[in-house]
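Working notes, structure below.
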Amino acid sequence: YLDFFAIIIMPPRPRTGRKKIKQKYPQHRPTLSAVFRDSTVLETGFLVGLVLVAAIVLWTYQYIADSGGMPPSSPEAAPQLLQKTVHLRGSLPKNDNNNQQIISTGGAGGGYEHFSNMAQDLAALPPTEALQKLEQSDPFGTRAFDSKLLEHETTLGRVLTIDEIKQQLFSCPRNEERITLPDARVEQKALDFREGKNGSFLFFQHLRKAGGTNFCSLATKNLPKKAQPHYYCMPDMAWSGNKNAGYLHSWPNEEIITRMKSSGFRIAGNEWENFDVTRHFDLPAVFATSFRKPLDRALSQFRFECIEDRGCRIKDVHKWWETRKDLWNVYTKTFADPPVGARKYFRGDEFAKERRNFMAEAIGTLSKFHIVLSMEWLAYGGPQVRSVLGFDDVSALTTRVRPHIGQAKRDDGQDKNNLGSASIAKASWVPKEYLDAEQYKKMSEDLVLDEILTDAARRMFLERLVCEDVGGGVAIQ
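Here our numbering is used: position 132 in the sequence shown is 142, and no number is missing along the way.
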């Protein structure tokens, strides 16, 4: 464009001795020729000024492009615009949580990548630092919500409605702030289950002492008796001749499919082995699981097995924890399905990459589960259970179910959950009260990956609760 400018304002070159060649077309465009021949000085000045402005605009555009910035209308600018800081929705009104900010990388496609990367970054940190960030920054927006929910339930003496949650505690976030978008679930499998397609079933990944028995009772209330395995929703008890139950990782897919179809069972619980990330999603199943705060879950297992004498004789939680290293980061192992011996990677800067990989795999697996519940919030799980599974009777979600209760009955007044998370809190041991400071710190650090994964799982639950396009926003009954 500078060359063009020069041609317009430069005076014509002196004639040479060359012979003039007659051209078919005039040397200048008609308009410009007329200007040079006949216009007044004012008209000529106006045209020259117009050309100057055009040259400046073009030069400015080129300078911005060379500097790495692009105008908003440019397609190349889109990734940069999506990096801008945005305020996080889906958090507590009039709360410090509103000051949280995230870097949105998902755009209209969703925020899954952002949350996954953030979880991986946390997993790579030393345990103490990661726990501090979770507690102080609440990057998933679930901890402050949990605290406020407990406060509201206790004050009102009841569970909240969906509208109350959306208006006062957690509104549906923008697409770029949603861990559940893009939606990785296969809806056709859920549809097949709801319609009772032959061979389709519910695969429940049972995390011990995290509400799994409630979920099995839920299936019992909604499935025909002939469709229910006889032992706590675990069909392999019969398959193994009453030797093992909840070991579906050990069974090939073809065997599971054949046996489930021939038996007519419509639920299969996998409690004692990892979810096989390489093949279990190939099953004709809808997938569900339930989480619980990691330290609460660990103490509940100690109480259930050891204090109440169900196969454990160790009464000291310090000694018990050292003998149960299989429970360290058990959630993460369950959904990442790492090789045997993965525990050695749970600490140490030199193993940060391995921890990142574990976390990426675990969150990726969870994102494909049709239902991810939180035991503390089971009273609010009804809408998702109805819409995804087609179950009508969801009363089991608010009824405390304790396996082998006859062995050690508890008189805590919490057999019926009328207060939502407040009822769960009343029936549970409080880790900070039961454990000394040193043991609390140790167990928390041994469960740091599970703390991160649990916060991610709880956000999935909340988004699906309040966002209508993923099955939420349905009245709680």
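Using N, Cα and C, we set each Cβ at its ideal position, and we do this for glycine too. A quick note: this is a predicted structure, and the numbers were derived from the prediction, not measured.
Those residues which DSSP pairs with residue i across a bridge
{"i": "Asn367", "result": "Paired residues: none, contrary to the question."}
{"i": "Gln215", "result": "Asn280, Thr299"}
{"i": "Leu383", "result": "Ser300"}
{"i": "Thr190", "result": "Note: Thr190 sits in no beta bridge, so no partner."}
Per-residue DSSP class, three states only, for residue i
{"i": "Val196", "result": "coil"}
{"i": "Ile317", "result": "helix"}
{"i": "Thr342", "result": "helix"}
{"i": "Glu265", "result": "helix"}
{"i": "Gln238", "result": "coil"}
{"i": "Met247", "result": "helix"}
{"i": "Cys322", "result": "coil"}
{"i": "Phe312", "result": "helix"}
{"i": "Tyr257", "result": "coil"}
{"i": "Asp359", "result": "helix"}
{"i": "Cys464", "result": "The residue asked about is misnamed: residue 464 is Thr in this sequence, not Cys. Looking at Thr464 - three-state DSSP - the assignment turns out to be helix."}
{"i": "Asn185", "result": "helix"}
{"i": "Lys378", "result": "coil"}
{"i": "Asn252", "result": "coil"}
{"i": "Gly59", "result": "helix"}
{"i": "Pro348", "result": "coil"}
{"i": "Trp439", "result": "coil"}
{"i": "Ala134", "result": "helix"}
{"i": "Phe125", "result": "helix"}
{"i": "Thr333", "result": "helix"}
{"i": "Asp402", "result": "coil"}
{"i": "Asn224", "result": "helix"}
{"i": "Gly274", "result": "coil"}
{"i": "Pro294", "result": "coil"}
{"i": "Phe203", "result": "helix"}
{"i": "Thr288", "result": "coil"}
{"i": "Phe180", "result": "coil"}
{"i": "Asp446", "result": "coil"}
Rounded separation between residue i and residue j - CA only
{"i": "His124", "j": "Thr152", "result": "16 Å"}
{"i": "Ala304", "j": "Phe361", "result": "The residue you asked about is not Ala; residue 304 is Pro in the sequence shown. So the alpha carbons of these two residues sit roughly 22 Å apart."}
{"i": "Gly392", "j": "Leu475", "result": "9 Å"}
{"i": "Ser384", "j": "Gly222", "result": "10 Å"}
{"i": "Ala298", "j": "Phe203", "result": "12 Å"}
{"i": "Thr288", "j": "Ala346", "result": "10 Å"}
{"i": "Tyr257", "j": "Arg218", "result": "13 Å"}
{"i": "Glu364", "j": "Leu463", "result": "15 Å"}
{"i": "Lys329", "j": "Met453", "result": "12 Å"}
{"i": "Gly358", "j": "Asp131", "result": "14 Å"}
{"i": "Glu281", "j": "Ile172", "result": "31 Å"}
{"i": "Lys176", "j": "Arg334", "result": "40 Å"}
{"i": "Val327", "j": "Glu455", "result": "16 Å"}
{"i": "Gly167", "j": "Ala389", "result": "14 Å"}
{"i": "Gly351", "j": "Glu174", "result": "46 Å"}
{"i": "Arg469", "j": "Leu309", "result": "23 Å"}
{"i": "Val404", "j": "Asn208", "result": "24 Å"}
{"i": "Asp336", "j": "Lys354", "result": "12 Å"}
{"i": "Trp271", "j": "Ser210", "result": "Sequence inspection shows Lys at residue 271; the Trp mentioned does not correspond to that position. Looking at the two C-alpha atoms, the distance is approximately 8 Å."}
{"i": "Ala237", "j": "Asp193", "result": "29 Å"}
{"i": "Glu145", "j": "Arg313", "result": "26 Å"}
{"i": "Arg307", "j": "Arg184", "result": "32 Å"}
{"i": "Arg188", "j": "Ser300", "result": "20 Å"}
{"i": "Leu170", "j": "His162", "result": "8 Å"}
{"i": "Gln110", "j": "Ser147", "result": "Residue confidence is low: Gln110 scores 37 on pLDDT, short of 50, so the model does not pin down where it sits. No coordinate-derived value is stated."}
{"i": "Glu332", "j": "Asn339", "result": "14 Å"}
{"i": "Asn263", "j": "Gly279", "result": "14 Å"}
{"i": "Ala372", "j": "Trp261", "result": "21 Å"}
{"i": "Pro137", "j": "Lys451", "result": "10 Å"}
{"i": "Pro348", "j": "Phe356", "result": "12 Å"}
{"i": "Ile267", "j": "Gln178", "result": "45 Å"}
{"i": "Ala140", "j": "Ala133", "result": "7 Å"}
{"i": "Thr553", "j": "Trp439", "result": "Within the shown structure, residues of the chain are numbered from 11 to 487, placing residue 553 beyond reach of any answer."}
{"i": "Ser157", "j": "Gln142", "result": "17 Å"}
Test: residue i CB closer than 8 Å to a CB of chain C
{"i": "Lys143", "result": "Judged by its chain identifiers, the structure shown contains no chain C, having just a single protein chain."}
Original post:
For the region 136 to 174, which segments carrying the alpha helix (DSSP H) assignment without a break, of at least 4 residues, lie completely within its bounds, in sequence order?
Top reply: 137 to 147, 153 to 166
**OP:** Evaluate contact between the region 446 to 460 and the region 341 to 356, counting only Cβ atoms and requiring at least three cross-stretch pairs below 8 Å.
**Re:** yes
Subject >> Stretch pair the region 238 to 250 + the region 271 to 281: three plus CB contacts closer than 8 Å >> reply: yes
Original post:
Touching or not, the region 183 to 199 and the region 369 to 382, by the rule of three or more beta carbon pairs under 8 Å?
Top reply: yes
Original post:
Are the region 397 to 407 and the region 228 to 236 in contact at 8 Å, needing three or more beta carbon pairs?
Top reply: yes
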